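Residue numbers (full-length UniProt numbering): 1 to 244. Reading through the structure tokens given below for one structure.
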């Protein structure tokens with residue numbers, strides 16, 4: 001019976017991130033569609049800034065791409081407050097990292113490894129690095145700034161709250177730290193399954209590194225910093241290829 005209960009708890013843990021992501025996506029869709037319908041009902045044009053240079057359908061798509069992450073952040077914090085009360089920041093790991101060289105060394109060295117890993121996967125699949133490190137087409141000005149903020153700020157905040165915050169907090173007492181690292185990395189990888197077939201594999205090492213950093217430093221801020229540095233380095237490489 002205990003084994004059955006434990007198996008159910010582990011299954012529940014594995015389902016939490018997909019359910020959060022699905023809920024955020026559905027709420028974002030309802031928000032974007034509802035806002036557009038309300039604007040049309042009053043003979044108002046669909047919002048322009050920061051996507052003023054795009055057609056109406058593209059504006060919907062771009063807004064829908066950005067909206068789920070703030071909603072996901074709110075959902076995770078809402079459930080954490082309901083579960084842990086005023087102690088929710090500490091429960092999620094929103095505490096200063098333990099002192100030591102692990103965090104600065106990882107932030108300094110990791111981006112080069114990640115870029116090399118992605119380039120190696122591209123070579124194995126027969127793609128050129130320029131095709132992998134390619135900026136989204138037609139993004140410039142304010143739209144480009146929104147995309148960079150989404151990738152470097154919003155994604156690390158929301159995804160770390162979910163995968164290394166909520167999941168680690170809920171797994172405490174159920175799974176060993178190493179098992180939690182593996183579970184979070186696997187789910188993090190699968191959450192990037194849309195797109196090229198190699199994309200989940202390309203982010204798997206990052207998921208493992210973030211989980212290990214969470215265990216070693218005890219801080220979700222450390223994970224957010226590494227995640228942001230990783231994504232920021234990828235943007236710089238994309239810009240370098242764009243200017244080449």
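Ideal Cβ placement from N, Cα and C applies to all residues, glycine included. Nothing here was measured: the structure is a model prediction, and the numbers come from that model.
Query                                                                                                    : Result
Residue from 172, 168, 38 whose Cα sits closest to the Cα of residue 184                                 : 168
Straight-line Cα distance separating residue 84 from residue 229                                         : 30 Å
Buried or exposed (CB count within 10 angstroms, at least 16 for buried), residue 189                    : buried
Residue 162 vs residue 224 beta-carbon contact at 9 Å                                                    : no
Close Cβ partners of residue 113 (< 8 Å) along its chain, the five nearest in sequence each way excluded : 205
The alpha helix (DSSP H) enclosing residue 174, as first and last residue numbers                        : Looking at the DSSP string, residue 174 is not in any alpha helix (DSSP H), and its letter there is neither H nor E.
Residue 180 in three-state terms, based on DSSP                                                          : helix
Reduced DSSP secondary structure (H/G/I, E/B, other) of residue 137                                      : coil
Within 9 Å, strictly: CB atoms of residue 200 and residue 193                                            : yes
Segment limits, alpha helix (DSSP H) that includes residue 29                                            : 2-41
Closest residue to residue 110 among 213, 64, 221, 129 (Cα-Cα distance)                                  : 213
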